[in-house]
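Read the sequence shown against our numbering and you will find it ends at 195, with the numbers running on by one and no gaps.
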Amino acid sequence: MKKILLVGKTFLAAGLIMLSLNSCKNETKQEDPKEVAEDANEEKFDTINNKEDDSEFLVDQAEINLAEIEIGKLAQTKSTNPEVKKFGKMLVDEHTKSASEVSALAKAKNFTLPTSITEDGKEEYNKLNEKSGLDFDKKFADMMIDGHEKAIDKLKKAADKATDQDVKLWASNNIAGLTAHLEHAKMLKQELDKK
């Protein structure tokens with residue numbers, strides 16, 4: 001009789017462990033805002049490839065704006081260099097304006113955009129946040145050069161290949177502004193490298 005009870009308890013315990021492990025597997029991981037937006041646009045424009053490409057461009061621009069705003073805020077609070085702080089403020093101001101324009105354009109085209117910083121953006125932010133002092137400032141300048149070079153490439157491609165004329169025009173109109181940011185970041189890096 002004791003053996004039967006012991007076996008019964010063992011099966012019950014094993015069953016409970018299996019249930020709890022299974023319920024852990026079924027927990028939903030919060031999806032990356034960029035993936036959510038891209039999936040929504042894919043569903044909407046599955047049969048219209050050119051719209052999907054244009055929507056991907058605007059999703060990328062929204063992602064860039066959200067990350068630049070957060071990194072600009074971080075530079076303003078964490079850096080001790082007045083030029084880095086000034087550049088951070090300019091990033092917040094300019095990319096907030098850009099985010100508003102991208103949002104309005106996306107709304108007019110019925111595109112879905114990410115509304116919060118993406119996983120890649122958080123990763124970049126966290127890498128920068130680990131630094132301090134001159135290391136922070138140099139990492140910030142390097143990130144701004146790299147990020148703006150990539151963003152300009154995307155703008156140039158959209159200005160050339162976007163099928164929607166409004167998207168094409170917006171991309172064309174924003175190349176000069178981001179090029180100015182890039183040049184500013186390069187000058188900032190030169191100054192920081194002297195220290």
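Glycine is no exception: its CB is placed at the ideal position from the N, C-alpha and C atoms.
The model shown is predicted, which means the values in this text are computed figures rather than measured ones.
Each residue's CA atom was taken as its position, placing residue 56 and residue 114 some 11 angstroms apart.
Counting of Cβ neighbours within 10 angstroms places residue 187 among the exposed residues, the total staying below 16.
Note on the region 119 to 168: whole alpha helix (DSSP H) runs with a minimum of 4 residues are 119 to 129, 133 to 161, in chain order.
With the rule of 3 Cβ pairs closer than 8 angstroms, the region 80 to 97 counts as touching the region 123 to 142. As the crow flies, the alpha-carbon of residue 72 is around 20 angstroms from that of residue 193.
Secondary structure remark: continuous alpha helix (DSSP H) runs of at least 4 residues inside the region 60 to 113, in chain order: 82 to 109. Burial is judged here by how many other beta carbons sit within 10 angstroms of a residue's own beta carbon; residue 163 has fewer than 16 and is exposed. A Cβ-Cβ contact shorter than 8 angstroms links residue 121 with residue 66. Just so you know, the alpha carbons of residue 129 and residue 74 end up roughly 8 angstroms apart. Measuring C-alpha to C-alpha distances from residue 53 to each of 195, 160, 178, 189 identifies 160 as the nearest.
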